[in-house]
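Below you'll find the structure, written out as structure tokens, and then a few comments.
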Amino acid sequence: KAGVTQTPRYLIKTRGQQVTLSCSPISGHRSVSWYQQTPGQGLQFLFEYFSETQRNKGNFPGRFSGRQFSNSRSEMNVSTLELGDSALYLCASRSQGWAYNEQFFGPGTRLTVL
Amino acid sequence: SQQGEEDPQALSIQEGENATMNCSYKTSINNLQWYRQNSGRGLVHLILIRSNEREKHSGRLRVTLDTSKKSSSLLITASRAADTASYFCATRPANAGGTSYGKLTFGQGTILTVHP
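Protein sequence lines, in the order shown, are assigned to chains A and B. Using the working numbering, read the first sequence as starting at 289 and increasing by one per residue. Using the working numbering, read the second sequence as starting at 97 and increasing by one per residue.
What follows is the structure, given as structure tokens:
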């Protein structure tokens with residue numbers, strides 16, 4: 289099976305702009321989670337989608353949003369970008385809503401905000 | 097916020113030696129997972145250990161879990177230069193319900209350098 293894919297791999301934006309990142313989970317996986325990784329804060333959970341519904345949300349401002357489509361692909365959007373949004377954004381997929389499933393991560397999207 | 101703390105923050109060893117990394121966490125967990133990350137790339141899943149398990153093996157990896165001490169360790173035996181990476185533990189809290197299955201809390205990671 290193909291792994292989790294994320295597009296684009298690299299993005300450069302300026303403050304105030306908005307950005308949309310895309311994630312395609314492993315075929316058959318219905319759960320997609322998003323994480324932000326920065327040198328200062330480490331890996332932090334953004335949100336999780338399962339069957340097109342947001343099931344959980346981390347402690348991030350409303351500028352961060354997401355959605356999931358019927359084919360399980362997910363997008364996250366960041367509006368009004370700030371310098372502090374520069375980070376590696378990772379998405380992960382799981383096969384179903386069960387506690388013991390491993391999460392498989394994609395290669396990430398490196399976002400730089402100038 | 098980070099639930100886990102990993103120790104040491106950095107570890108430098110020679111090829112062939114064993115590497116041990118430790119992870120501590122604060123709340124009761126359902127399971128603990130270890131991941132590897134090479135140079136700011138995506139995370140590679142290594143192993144998952146459930147809260148009712150004490151030890152698990154996968155190839156050169158050995159993971160232990162002590163829920164009474166809220167700690168876990170990852171042992172890499174006979175290390176290779178290709179094992180050079182950052183290693184993270186991640187926990188899923190117990191009794192969090194189905195809405196939290198996809199939420200993992202990560203430690204700060206251990207940077208492992210294996211010299212040829």
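All C-beta atoms in this analysis are idealised placements derived from N, C-alpha and C, irrespective of residue type, glycine included.
Within 9 Å of the CB of Q129/B, the CB atoms of chain A belong to E390 and Q391, in sequence order along the chain.
Within chain B, the residues R137 and G138 have their CB atoms less than 7 Å from the CB of P395/A, given in chain order. Less than 9 Å divides the Cβ of S169/B from the Cβ of N118/B.
A straight line joining the alpha-carbon of Y323/A with that of L128/B spans about 17 Å.
One finds S321, Y323, L331, F333, A380 and Q391 in chain A with Cβ atoms closer than 9 Å to the Cβ of L200/B, taken in chain order. Proximity of Q110/B to chain A, defined by a Cβ-Cβ separation below 9 Å, is not satisfied.
For G203/B, the closest Cβ of chain A is nearer than 9 Å.
The distance from the Cβ of Y183/B to that of G155/B is about 15 Å, inconsistent with a contact at the 8 Å cut-off. Take the alpha-carbon of P212/B and the one of R188/B: they are about 36 Å apart. With its beta carbon at least 9 Å from every one in chain B, V401/A lies outside the interface. As a beta-bridge residue in DSSP terms, I125/B pairs with P189/B.
For the pair L369/A and G328/A, the CB atoms are not nearer than the 9 Å cut-off. Apart from sequence neighbours up to five positions away, the residues of its chain that approach P104/B with a beta-carbon distance below 7 Å are T206, ordered along the chain.
Residue burial annotation: S362/A is buried, with at least 16 other C-beta atoms found within 10 angstroms of its C-beta.
Among the bridge pairs identified by DSSP, N114/B is matched with none. Note on P296/A: under 16 other CB atoms within 10 angstroms of its CB, so exposed under the neighbour-count rule. L170/B carries a strand assignment under DSSP once its states are collapsed to helix, strand and coil.
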